Structures are given as structure tokens and as C-alpha cells.
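Those sequence lines, one after another, are chains P and U.
This note's numbering applies: residue 5 is where the first sequence begins, and numbers increase by one.
This note's numbering applies: residue 5 is where the second sequence begins, and numbers increase by one.
Cβ atoms here follow ideal geometry from the backbone N, Cα and C, with glycine treated the same way.
Source: prediction; values computed, not measured.
These notes concern the structure reproduced below.
Number of protein chains: 2
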Amino acid sequence: MPAGPEAVPDAVPNDAGGAPRPYHHGDLRRALMQAALDAIVEGGPANLSLRDLARRAGVSHAAPAHHFGDKAGLLSAIAAEGFERLAVTLDQAWRQTGSFLEVGVAYVRFAASHRAHFEVMFRPELYRPDDPAVARARAAARSLLYGPLADSSGADPRAAVAAWSLVHGLATLWLNRNLPPQLGDDPEQLAREVAGYLFRDRDRPPRAR
Amino acid sequence: MPAGPEAVPDAVPNDAGGAPRPYHHGDLRRALMQAALDAIVEGGPANLSLRDLARRAGVSHAAPAHHFGDKAGLLSAIAAEGFERLAVTLDQAWRQTGSFLEVGVAYVRFAASHRAHFEVMFRPELYRPDDPAVARARAAARSLLYGPLADSSGADPRAAVAAWSLVHGLATLWLNRNLPPQLGDDPEQLAREVAGYLFRDRDRPPRAR
DNA sequence: GCGATAACTTGTCAATGTCTAGATACCTGG
DNA sequence: CCAGGTATCTAGACATTGACAAGTTATCGC
């Protein structure tokens, strides 16, 4: 894809005018991850370019391969991190509110605030879903999605699927701007209102609001 | 329903022994679309290659550009066709059953049976969402999603969003194999069961619970 | 110190998207 | 019937990309 409107030459060893960049970046892996997240927010995972990330980080075009192997390796790392952070988010929401609805709201809030992670996590063809770190993190997040409902008596797995589907669909439709604008631009509020249609008689009273 | 492209000898440029392929393909546009749908089912929209499509159709590498301009043009055509067919599907379901739930089930069935279309339609960064044909078809499909609920008295747009989110989330999670396998592999049946949790007091009550 | 090793660079190659120019078949008007 | 025009397709070229191989430089363990 020669999509770049302007062709910037590959990594220049030194910043223009600044002090010479040290040979070792220091935390290139983290810097490349962050650059990737920025790039994905800007243009989606499909338009991601390893060489562009290298330029953003000020390193040579082949440096990313050293840390991630290849493009799928980078995206696998992003997916794993995303599932880890999602698990933390859902766990906190459940612990702090005891409300199944608030777990769903937290899911939507995560998608909106970690858009790049979220867009990668649910596109398995972009990365390696069987990567151990990915599989572990995904399993943890999944158990937190099903867990709260499994705790309640007479749990039906289809109820959890309904809840997960609702918040997942809302999150993806919101991210893709497929919802009517008159619903406002606050995904969290929208999630709380919309999810109420499903959760209304299945919830403990929330302790926090 | 979308029958494969035939009636044209799929000869490769230097096909050994066969009759020489005619200079004009006959229906190259349709053949390229079908090849693209096949390729997307195999590897996702991100791994789509125009040159690969040209090889599949037995034409030169630049032939696709003549019909679609560029890659985004091809994907725009796929998205437009997808929204058109989705609108037909939803319209039929509503007319034939008069059931919100069955419209939702039809949505999931469409996603499963038109996987390639569906995967493109909801990735606006891959195509040109403002393309007139796309915008028109998308608006038609959207009105059929909101229409049935808007007809009923005291319609709340958030109810429609809840319904759309549920079936959309279920469809995407099913396509990405993110649902527990013990729920079976029939998306239509799963949709009918799961959607019952939301539609239950707005529609014919489902058997369960 | 000093060798081992990790981190990064440079060079290269096949593949891709897109552009330009040219070749070929169809088709309409006379 | 046939001549020119146009739609369709081919051929070539170029910049960009992902991946690989081999070399260079800094850091770390001992």
C-alpha cells in the first residue's frame, strides 16, 4: 500500500538538530506498542505499517521485527495486553459495584477508552489467537464475563451470551459510528440506558452509582 | 442465492492446451466480486489482494482497477451489495412473520450466510462510507432495523438500539468464534434462544424461562 | 576488563497497490 | 459493411511494504 500521501525517508539516525539519539532506544518495545495503538486509532488495524511505526519511534525499519517477530506478533502483543486490561476493568467493576449491569457498562467504557486494543482483540485473523499469552489473557477476561452470572443460582449460559452480545454489539456499533447521533456521544451513559432493557430484573441493587 | 460465476472459461493466461481465453472476460466485475468474497471468507478483508483476485479470475493484475478504481472501491461495492441484501432479508422476515424476534434472527442468519459481506460492511475504514450507493443501501437497511419498533406505540429508540446491539454482537462474536462451543454451531437457533431474553415481553414469549 | 548477548542498522528481495500507456474487442452510426 | 469510438483488458513501471540475512554497537554477567 503506497497510501502515504508524503514519502518520508526511512529513519534518520539523529533527530534534526537535537542531541544524537542513542543506539539503544531504552524502551523501544513499549514505544512501538504505543505508536501502534496511535496508528490503529487513526487508521484501523488494516492500515498498520511496521515501517511507519519504526519512523514514528525514530528507529530503523527492521527494528520492530526484533521485538515482535512480525506484524502478527505485534498484534498478538496488543491483543494480549487488551484482554489483560479488560479483565482488570471487569473485575474492578464487579468488585466495586456488585452490579452485573455495571460490568456491562464497564465493557463498553473499555471499548471506547481502549479503542485500538478492542479493535484488534476481536479480529483473530490479524494475530495469533493460539499464542499462549493471548489465550491466557482471553480466558481470564472470558471467565470474568461469565463468572458473575455463573455465581447466581440457576445460571443459564445463554443469559451470559445475551448480556455479552448486547454490550459487545453496542460497543462495536458505537465505535463504527453506526448508531443514530441523537442518542448522544457518551457511550457509557448509552450503555447504562440500553443495557437496562436486558438487565433490569436480574441485578442486585448497585451499591455505587 | 448468489450463484457462483460460471459460463465463462476460467482459463489462465498461458493455459496449457485449452482454448485461448477471450480478451474480454464477459462479466469480470461479477467474477472479481465473487473471488473477493471467497478470499475474504478464507482470510479476512485485511488479507485481500487485488492481484490475487486477478489471478483467480485469470486476468491481468491491473484489470480490477478498471472496474473498481482501487481496493477501497471494490470493498465499497461489496459493502453496498451487503447492505442491499441485508435490507431485503430483514424486510422479508418482518413481512412474513411480523415478529421482532424473527427480524433479529434473520440478522444473525444473514451474518452467518453472508460472512464476507458482513465483515466488510461494519469496517468503514476499509471502504468509502460516504459513497452514494453505500450510503443509500445502509440507510435502507437501518430503517428496516428501526422501523418495526418505531411502528409500535411509545417506541423508545433505545429499545431498538438494544435489539440491534444484541443481534449484532451475537453475530460478530459467533463469526469470530468467541462463543463457548457447548452452545452448538447453529447460529440461527442460538439467536432465537438468546434474543428471547430481550424480546420476551415485547414479542411472542419464548419457551425457556 | 572482556566475552557473550541483546539491541539495533543496513541491505536485499518478492509482493502489492496504483499509475500510465498501449493493445484488443465490441458496437453504433453511416 | 465497415469505420471510428469506446469500453475492456494487458504490459510495464514505481514506490512502499513485510520479511529475511548479515553486520554493527551497546549492555550485561562474570
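Legend entry - Nearest-angstrom Cα separation, counted from residue 47 of chain U out to residue 172 of chain U: Here residue 172 of chain U is taken as the residue at index 168 of the second sequence, counted from 1. Here residue 47 of chain U is taken as the residue at index 43 of the second sequence, counted from 1. If you take the alpha carbons of residue 172 of chain U and residue 47 of chain U, they lie about 21 Å apart.
Inset, instruction - Starting from residue 176 of chain P, find everything on chain U with Cβ-Cβ shorter than 9 Å and list it in chain order. - result: Residue numbering aside, residue 176 of chain P sits at position 172 when the first sequence is read from its first letter. The contacting residues are 126, 169, 172, 173 and 176.
Legend entry - Supposed close pair residue 35 of chain U, residue 84 of chain U - CB separation, criterion 8 Å: Within the second sequence, numbered from 1, the residue matching residue 35 of chain U stands at position 31. Within the second sequence, numbered from 1, the residue matching residue 84 of chain U stands at position 80. Contact doesn't hold; Cβ gap of about 18 Å is too wide.
Inset, instruction - Given a cut-off of 7 Å, decide if residue 80 of chain P and residue 31 of chain P are closer than it, judged by their beta-carbon atoms. - result: Counting from 1 along the first sequence, the entry for residue 31 of chain P is found at position 27. Counting from 1 along the first sequence, the entry for residue 80 of chain P is found at position 76. Their beta carbons are not under 7 Å apart, which means residue 31 of chain P does not touch residue 80 of chain P by this criterion.
Inset, instruction - Flag this pair as touching only if the region 53-68 of chain P and the region 93-110 of chain P have three or more C-beta atom pairs under 8 Å; answer yes or no. - result: no
Legend entry - Whole-number beta carbon distance between residue 87 of chain U and residue 214 of chain U, since they are thought to touch under 8 Å: Outside the displayed range of chain U (5 to 213) lies residue 214 of chain U, so it cannot be described from this structure.
Legend entry - Other residues of its chain near residue 113 of chain U: CB distance less than 8 Å, five sequence neighbours each side excluded: To locate residue 113 of chain U, count along the second sequence from 1; it is residue 109. 93, 191, 192 and 195, listed in sequence order.
Inset, instruction - Taking residue 45 of chain P and residue 165 of chain U to be in contact with their CB atoms under 8 Å, please state how far apart those CB atoms are, rounded to whole angstroms. - result: Within the first sequence, residue 45 of chain P is the residue found at index 41, counting from 1. Within the second sequence, residue 165 of chain U is the residue found at index 161, counting from 1. Actually they are not in contact, since the Cβ atoms of residue 45 of chain P and residue 165 of chain U sit about 24 Å apart, beyond 8 Å.
Legend entry - Rounded straight-line distance, which links the Cα of residue 82 of chain U to that of residue 60 of chain U: The residue given as residue 60 of chain U occupies position 56 in the second sequence. The residue given as residue 82 of chain U occupies position 78 in the second sequence. Their Cα atoms are separated by approximately 17 Å.
Inset, instruction - Check each residue of the region 103-117 of chain U: if its Cβ is closer than 9 Å to any Cβ of chain P, include it; give the result in chain order. - result: none
Legend entry - Check whether residue 106 of chain P and residue 97 of chain P have beta carbons under 7 Å apart: What you label residue 106 of chain P is simply residue 102 of the first sequence in a count that begins at 1. What you label residue 97 of chain P is simply residue 93 of the first sequence in a count that begins at 1. Cβ atoms of residue 106 of chain P and residue 97 of chain P: closer than 7 Å.
Inset, instruction - State the CB to CB distance for the pair residue 40 of chain U and residue 57 of chain U, rounded to an integer number of angstroms; the pair is presumed to be in contact (CB under 8 Å). - result: Numbered from its first residue, the second sequence carries residue 40 of chain U at position 36. Numbered from its first residue, the second sequence carries residue 57 of chain U at position 53. So it is a contact: roughly 6 Å between Cβ atoms.
Inset, instruction - Would you kindly work out how many angstroms separate the C-alpha atoms of residue 71 of chain U and residue 187 of chain U, rounded to a whole number? - result: If you number the second sequence from 1, residue 71 of chain U lands on position 67. If you number the second sequence from 1, residue 187 of chain U lands on position 183. Residue 71 of chain U and residue 187 of chain U: Cα-Cα distance of roughly 43 Å.
Legend entry - Contact with chain P by residue 50 of chain U, beta-carbon distance below 7 Å: Residue mapping note: residue 50 of chain U aligns to position 46 of the second sequence, counting from 1. Yes, contact with chain P.
Inset, instruction - Give a yes or no on whether 7 Å exceeds the smallest Cβ distance from residue 198 of chain U to chain P. - result: Within the second sequence, numbered from 1, the residue matching residue 198 of chain U stands at position 194. Closer than 7 Å to some Cβ of chain P, the Cβ of residue 198 of chain U qualifies, so yes.
Inset, instruction - Could you tell me whether any Cβ in chain U is nearer than 7 Å to the Cβ of residue 129 of chain P? - result: Residue numbering aside, residue 129 of chain P sits at position 125 when the first sequence is read from its first letter. Yes, contact with chain U.
Legend entry - Under 9 Å by beta carbon: chain P residues contacting residue 161 of chain U: Sequence index remark: in the second sequence, residue 161 of chain U carries index 157 (1-based). Chain P residues near residue 161 of chain U: 184, 186 and 187.
Legend entry - Alpha carbon of residue 182 of chain U to alpha carbon of residue 181 of chain P, nearest angstrom: Mapped onto the second sequence, residue 182 of chain U falls at position 178. Mapped onto the first sequence, residue 181 of chain P falls at position 177. One C-alpha to the other measures close to 23 Å.
Legend entry - Inter-residue Cα distance where the pair is residue 49 of chain U and residue 122 of chain U: Within the second sequence, numbered from 1, the residue matching residue 49 of chain U stands at position 45. Within the second sequence, numbered from 1, the residue matching residue 122 of chain U stands at position 118. If you take the alpha carbons of residue 49 of chain U and residue 122 of chain U, they lie about 10 Å apart.
Legend entry - Reduced DSSP secondary structure (H/G/I, E/B, other) of residue 29 of chain P: Working through the first sequence from its first residue, we reach residue 29 of chain P at position 25. Coil, per DSSP.
Legend entry - Buried or exposed (CB count within 10 angstroms, at least 16 for buried), residue 147 of chain U: Walking along the second sequence from the start, residue 147 of chain U turns up at place 143. With fewer than 16 other Cβ atoms within 10 Å, it is exposed.
Inset, instruction - Give the DSSP-derived three-state secondary structure of residue 70 of chain U in the structure shown. - result: Within the second sequence, numbered from 1, the residue matching residue 70 of chain U stands at position 66. Three-state result, residue 70 of chain U: helix.
Inset, instruction - At 9 Å on the CB atoms, spell out the chain P contacts of residue 47 of chain U, in chain order. - result: Here residue 47 of chain U refers to the residue found at position 43 of the second sequence. In chain order: 129.
Inset, instruction - Using three-state DSSP, classify residue 196 of chain U as helix, strand or coil. - result: Residue mapping note: residue 196 of chain U aligns to position 192 of the second sequence, counting from 1. Residue 196 of chain U: helix per DSSP, three-state reduction.
Inset, instruction - For residue 63 of chain P, name the three-state secondary structure that DSSP assigns. - result: In the first sequence, the residue the question calls residue 63 of chain P occupies position 59. Residue 63 of chain P falls in the coil class under three-state DSSP.
Legend entry - Exposed unless 16 or more other CB atoms sit within 10 angstroms - verdict on residue 20 of chain U: To locate residue 20 of chain U, count along the second sequence from 1; it is residue 16. A caution first: residue 20 of chain U carries a pLDDT of 36, below 50, which makes its placement in the model unreliable, though a value can still be read off. Result: exposed.
Inset, instruction - Compare the C-alpha of residue 119 of chain U against each of U/33, U/38 and U/184 and name the closest. - result: In the second sequence, residue 119 of chain U corresponds to position 115, counting from 1. Closest by alpha carbon: U/38.
Inset, instruction - Have a look at residue 170 of chain U and residue 131 of chain U and give me their C-alpha separation to the nearest angstrom. - result: The residue you call residue 170 of chain U lines up with position 166 of the second sequence. The residue you call residue 131 of chain U lines up with position 127 of the second sequence. Taking the straight line joining both Cα atoms gives about 25 Å.
Legend entry - Member of U/150, U/139 and U/202 whose CA lies at the smallest distance from the CA of residue 167 of chain P: The sequence position of residue 167 of chain P within the first sequence is 163, counting from 1. When each option's Cα is compared against that of residue 167 of chain P, the closest is U/202.
Legend entry - Near the ligand HEM: residue 167 of chain U beta-carbon under 6 Å from a heavy atom: For the structure depicted, the ligand HEM is absent and the ligand set is empty, with no information on it obtainable.
Legend entry - Cβ of residue 166 of chain U within 7 Å of any chain P Cβ: The residue given as residue 166 of chain U occupies position 162 in the second sequence. At least one chain P Cβ lies under 7 Å of residue 166 of chain U.
Inset, instruction - Kindly indicate if chain P contains any beta-carbon less than 7 Å away from that of residue 202 of chain U. - result: Start at 1 with the first residue of the second sequence, and residue 202 of chain U comes out as number 198. So yes, residue 202 of chain U belongs to the interface.
Legend entry - Three-way DSSP call (helix, strand, coil) for residue 95 of chain P in this model: Counting from 1 along the first sequence, the entry for residue 95 of chain P is found at position 91. Three-state result, residue 95 of chain P: helix.
Inset, instruction - Might you give, ordered along the chain, the residues of its own chain that have their beta carbon closer than 8 Å to the beta carbon of residue 139 of chain P, omitting 5 neighbours on each side? - result: As a working note, residue 139 of chain P is residue 135 in the first sequence. Closer than 8 Å at Cβ, skipping near neighbours: 133.
Inset, instruction - Between the Cα of residue 160 of chain P and those of U/184, U/95 and U/109, spot the shortest distance and give me the residue it belongs to. - result: Taking the first sequence and counting its residues from 1, the one referred to as residue 160 of chain P is at position 156. Among U/184, U/95 and U/109, the Cα nearest to that of residue 160 of chain P belongs to U/184.
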